[in-house]
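Q: When you line the sequence shown up against numbering that gives the first Met the number 0, it's residues 0 to 466, in that order.
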Amino acid sequence: MRFRLFLVVSFAALSVACRPETPAARLARQLRGAYPEHAAPRGVVRTFDIEAREAELPLIDGGKLRVWAYNGQVPGPELRIRLGDTLRVRFTNRLPQPTTIHWHGVRVPNGMDGVPSVTQPPVEPGGTFTYEFTPKDAGTFWFHPHVRSSEQVERGLYGVLVVEDAAPPPYSRDVVWVLDDWLLDETHQIFDRFNTPHDLMHDGRWGNFVTVNGRTDARLDTRGGERIRLRLLNASNGRIYAPEFPGLEPQIIAVDGLYLARAIPLERFELAPGNRLDLDITLPGGPASRSFPVTDQFYPARPNHLADVVVDGAAPTAPPRFASPAHARVPAWSEGLQIPATKEFRLDARRGGSYGIEWTINGQAFAGHEHHGAPMLTLERGGWVRLRFVNASYRLHPIHLHGMFFRLLARNGAPVDEPFFRDTVLVHSQETIDIGLVPLDPGKWMMHCHILEHAEAGMMTLFEVRG
Ligand code: C2O
Ligand code: CU
0 MRFRLFLVVS
10 FAALSVACRP
20 ETPAARLARQ
30 LRGAYPEHAA
40 PRGVVRTFDI
50 EAREAELPLI
60 DGGKLRVWAY
70 NGQVPGPELR
80 IRLGDTLRVR
90 FTNRLPQPTT
100 IHWHGVRVPN
110 GMDGVPSVTQ
120 PPVEPGGTFT
130 YEFTPKDAGT
140 FWFHPHVRSS
150 EQVERGLYGV
160 LVVEDAAPPP
170 YSRDVVWVLD
180 DWLLDETHQI
190 FDRFNTPHDL
200 MHDGRWGNFV
210 TVNGRTDARL
220 DTRGGERIRL
230 RLLNASNGRI
240 YAPEFPGLEP
250 QIIAVDGLYL
260 ARAIPLERFE
270 LAPGNRLDLD
280 ITLPGGPASR
290 SFPVTDQFYP
300 ARPNHLADVV
310 VDGAAPTAPP
320 RFASPAHARV
330 PAWSEGLQIP
340 ATKEFRLDAR
350 RGGSYGIEWT
360 INGQAFAGHE
370 HHGAPMLTLE
380 RGGWVRLRFV
390 NASYRLHPIH
400 LHGMFFRLLA
410 RNGAPVDEPF
420 FRDTVLVHSQ
430 ETIDIGLVPL
440 DPGKWMMHCH
450 ILEHAEAGMM
460 TLFEVRG
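Below you can see the structure in the form of structure tokens.
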């Protein structure tokens, strides 16, 4: 009797083990250990008060600029917490418009995602809302409004959320550079017509001043031998940067928050609106003080000066010795291209709508969060899917998904093996890309172009994760 029972049990185990695993199930299984499924709160609540209001600040080249700001600062306050901390933000809206805060790149519970009329009612002028969640990932994230973003972000509403590792690597310094550009008029104030036909028909609003942390003369003073973690974020409405550091040899350690499988040298990296890039830079020592200009080479014929890294002439310190942080469990998902795409999204434009031009996804222009209709796609929690984006237009579209990370699998059908996840990827003119992902959090999530004028004019949609 016992013997027979044993046989039955082991046969059952055997048949489970031998049931052929589908390729998609195998890819989903490869995600295990890449990043946690659930948050692990350690019982520490970090509370911040944030108020959005008008302010006048000495930005750009020092002149008084009228902006909209979080806590009277542009960039807004840097929220720095430790992995496992619970973030509580008590938000008050003192703007003349409704607003919300979206936590870009953070895997939040759906109700904390800050999407007006989808995950919360918009916060009316004078109103308040408390955001509270425990980030599941350490890394560089940011926050910005999700109401009239093409105006509100452009006026200065954005800030950085740094979630430090439980045991942060011992860098000499940890520095954030927020890249933005500003379109100023003759009076040197923010040009106050937003979503112009020009911006809508091109790649959004590109400004006439490029700044780092709000200044055209940003500099980072360092000492030879120091090892720096430099976190770059593109908070521009439309401009894309390809940052170059001649004379320095940055290694990329993280993209869109998460560590790479292994650090790689910075070669051309297109930092589109929304993207983050964490660099590991060891400064050379030298007998005299030296300045290293950092430039944007997105259009090599029209480079922009971004900032200077200045190394003083003092005797160099010994660089801290440690391996660059990495996270080896980034699945290759190379078989993913053999699995049929679950859905194809065609990105295009047409005449019409309240701006005269509409940006569409599969022929639909998002008609405001209040009238969003049915989600364009429903996915099951935990399943691996491939999504394809076909850019039928001649413009740029940095596609961003809320609430999850994905891997870029191919450009124009040719496999791409980036050793990292993303939450935003630039799709070039007439290009087709494929991405792979496993949604883990149920809810209604947005997918949109992060050129904010394109999003405003319709290139935005919802998909639902069921689970
Ligand atoms: Cu920065 Cu809807 O995103
Ligand atoms: Cu776009």
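Yeah, the Cβ is synthetic: ideal placement off N, Cα and C, and Gly gets one too. In this text, all values refer to a predicted model and were calculated from it rather than measured experimentally.
Could you say if the region 184-201 and the region 240-257 meet the contact criterion of at least three C-beta pairs nearer than 8 Å?
A: Verdict: no, contact absent.
Q: With H, G and I counted as helix, E and B as strand and the rest as coil, what does DSSP make of Glu452?
A: Position 453 of the sequence shown, counted from the start, is the residue given in the question as residue 452. Helix at Glu452.
Q: Could you have a look at Ser333 and say whether DSSP puts it in helix, strand or coil?
A: Counting from one through the sequence shown, the residue named residue 333 turns up at place 334. Reduced to three states, the DSSP call for Ser333 is helix.
Q: To which residues of the same chain is Ala317 closer than 7 Å at the C-beta, ignoring the five residues directly before and after it?
A: As a first step, residue 317 is located in the sequence shown; it is residue number 318 there, counting from the start. Gly224.
Q: Heavy atom of the ligand CU less than 6 Å from the Cβ of Ile450, yes or no?
A: In the sequence shown, residue 450 corresponds to position 451, counting from 1. Yes, Cβ of Ile450 sits closer than 6 Å to a heavy atom of the ligand CU.
Q: How would the residue list near the ligand C2O read, in chain order, if you kept each one whose beta-carbon is closer than 7 Å to any heavy atom?
A: The answer, residue by residue, is His101, His103, His143, His145, Gly273, His399, His401, Met445, His447 and His449.
Q: Would you mind working out which of Gly335, Ala325 and Gln429 sits nearest Gln29, comparing C-alpha positions?
A: Locating residue 29 in the sequence shown gives position 30, where the first residue counts as 1. Comparing Cα-Cα distances from Gln29 to each of Gly335, Ala325 and Gln429, the minimum goes to Gly335.
Q: Taking 7 Å as the threshold (beta carbon to beta carbon), is Arg45 in contact with chain D?
A: Protein chain content of the structure displayed is limited to a single chain, and chain D is not contained in it.
Q: Below 8 Å on the Cβ atoms is my contact criterion, and I expect Ala322 with Ala217 to pass it. Report the Cβ-Cβ distance as a whole number of Å.
A: As a first step, residue 322 is located in the sequence shown; it is residue number 323 there, counting from the start. As a first step, residue 217 is located in the sequence shown; it is residue number 218 there, counting from the start. 30 Å between Cβ atoms; not a contact.
Q: Are the beta-carbon atoms belonging to Glu417 and Leu408 less than 7 Å from one another?
A: Here the question's residue 417 lines up with position 418 in the sequence shown. Here the question's residue 408 lines up with position 409 in the sequence shown. Going by C-beta atoms, Glu417 is not nearer than 7 Å to Leu408.
Q: Grab the span of the beta strand (DSSP E) containing His103 for me, first residue to last.
A: As a first step, residue 103 must be located in the sequence shown, where it is residue number 104. Looking at the DSSP string, the run of the beta strand (DSSP E) that includes His103 is His101 to His103.
Q: Could you pull out every residue in the same chain whose Cβ sits closer than 6 Å to the Cβ of Arg289, ignoring the five residues on either side in sequence?
A: For the purposes of this step, residue 289 is taken as the residue at position 290 of the sequence shown. Correct list, in chain order: Val310.
Q: At 3 residues or longer, what runs of the beta strand (DSSP E) sit wholly inside the region 81-138?
A: Qualifying beta strand (DSSP E) stretches, in chain order: 85-92, 101-103 and 127-132.
Q: Going along the chain, which residues of its own chain have a beta-carbon closer than 6 Å to the beta-carbon of Gly32, five neighbours each way excluded?
A: For the purposes of this step, residue 32 is identified with residue 33 of the sequence shown, where counting begins at 1. Answer for Gly32: Arg328, listed in chain order.
Q: Please state whether DSSP places Ser428 in a helix, a strand or coil.
A: Walking along the sequence shown from the start, residue 428 turns up at place 429. Ser428: coil per DSSP, three-state reduction.
Q: Tell me whether Arg410 sits in a helix, a strand or coil according to DSSP, three-state version.
A: Taking the first residue of the sequence shown as position 1, residue 410 is located at position 411. In the structure shown, Arg410 sits in a strand (DSSP, three-state: E or B).
Q: Excluding the five sequence neighbours on either side, which residues of its own chain have a C-beta within less than 7 Å of the C-beta of Pro95, listed in chain order?
A: As a working mapping, residue 95 is identified with position 96 in the sequence shown. Answer for Pro95: Pro124, listed in chain order.
Q: When you compare only the Cα positions, how much space is there between Ala373 and Ala366?
A: For the purposes of this step, residue 373 is taken as the residue at position 374 of the sequence shown. For the purposes of this step, residue 366 is taken as the residue at position 367 of the sequence shown. Approximately 12 Å between the Cα atoms of the pair.
Q: Please check the pair Pro134 and Leu82, which I expect to be a contact at CB under 8 Å, by giving their CB distance rounded to whole angstroms.
A: Taking the sequence shown and counting its residues from 1, the one referred to as residue 134 is at position 135. Taking the sequence shown and counting its residues from 1, the one referred to as residue 82 is at position 83. About 7 Å separates the two Cβ atoms, so the contact holds.
Q: Keeping to the same chain, check which residues put their C-beta closer than 7 Å to that of Ile357; ignore five residues upstream and five downstream.
A: Within the sequence shown, residue 357 is the residue found at index 358, counting from 1. For clarity, residue 357 is Glu in the given sequence; the question names Ile instead. Contacts found: Ala348, Arg349, Gly351, Ala364, Ala456 and Gly457.
Q: Identify, in the order they occur along the chain, each residue of the same chain with its Cβ nearer than 7 Å to the Cβ of Leu6, setting aside the five sequence neighbours on each side.
A: Position 7 of the sequence shown, counted from the first residue, corresponds to residue 6. Low confidence applies to Leu6: its pLDDT is 42, below 50, so where it sits in the model is not reliable, and the reading given next is rough at best. Nothing listed; no residue qualifies.
Q: Buried or exposed for Asn390, please, with buried defined as at least 16 other CB atoms from any protein chain shown within 10 angstroms of its CB.
A: As a first step, residue 390 is located in the sequence shown; it is residue number 391 there, counting from the start. Flag for Asn390 reads buried.
Q: Decide if His399 is buried, meaning its Cβ has at least 16 other Cβ atoms within 10 Å, or exposed.
A: In the sequence shown, counting from the first residue as 1, residue 399 sits at position 400. His399 comes out buried.
Q: Any idea if Thr127 is buried or exposed, counting beta-carbon neighbours within 10 angstroms, 16 or more meaning buried?
A: Locating residue 127 in the sequence shown gives position 128, counting from the first residue. Counting Cβ neighbours within 10 Å, Thr127 comes out exposed, since fewer than 16 surround it.
Q: With a threshold of 6 Å, establish whether the CB of Met459 neighbours any heavy atom of the ligand CU.
A: Here residue 459 corresponds to residue number 460 of the sequence shown, with the count starting at 1. Not so, every heavy atom of the ligand CU lies at least 6 Å from the Cβ.
Q: From Arg154 to Trp67, what distance separates their C-alpha atoms?
A: Counted from its first residue, the sequence shown places residue 154 at position 155. Counted from its first residue, the sequence shown places residue 67 at position 68. One C-alpha to the other measures close to 5 Å.
Q: Just verifying my parser: in three-state terms, what is the DSSP assignment at Ala38?
A: Along the sequence shown, one-based indexing puts residue 38 at 39. Three-state DSSP puts Ala38 in coil, outside helix and strand.
Q: Taking 6 Å as the cut-off, is the C-beta of His371 nearer than that to any heavy atom in the ligand CU?
A: Start at 1 with the first residue of the sequence shown, and residue 371 comes out as number 372. No, the ligand CU has no heavy atom inside 6 Å of this Cβ.
Q: So which of Leu160, Val73, Asp164 and Gly435 has the shortest CA-CA distance to Glu343?
A: Within the sequence shown, the letter at position 344 stands for residue 343. Closest option to Glu343, Cα to Cα, is Gly435.
Q: May I ask whether a heavy atom of the ligand CU can be found less than 6 Å away from the beta carbon of His396?
A: For the purposes of this step, residue 396 is taken as residue 397 along the sequence shown, with counting starting at 1. For the ligand CU, at least one heavy atom lies less than 6 Å from the Cβ of His396.
Q: Between which residues of its own chain and Ala11 is the CB-CB distance below 8 Å, once the five residues before and five after are set aside?
A: In the sequence shown, the residue the question calls residue 11 occupies position 12. With a pLDDT of 45 at Ala11, under the threshold of 50, the modelled position of that residue is not reliable, and the figure given next carries that caveat. For Ala11, where only same-chain residues beyond five positions count, there are no Cβ hits under 8 Å.
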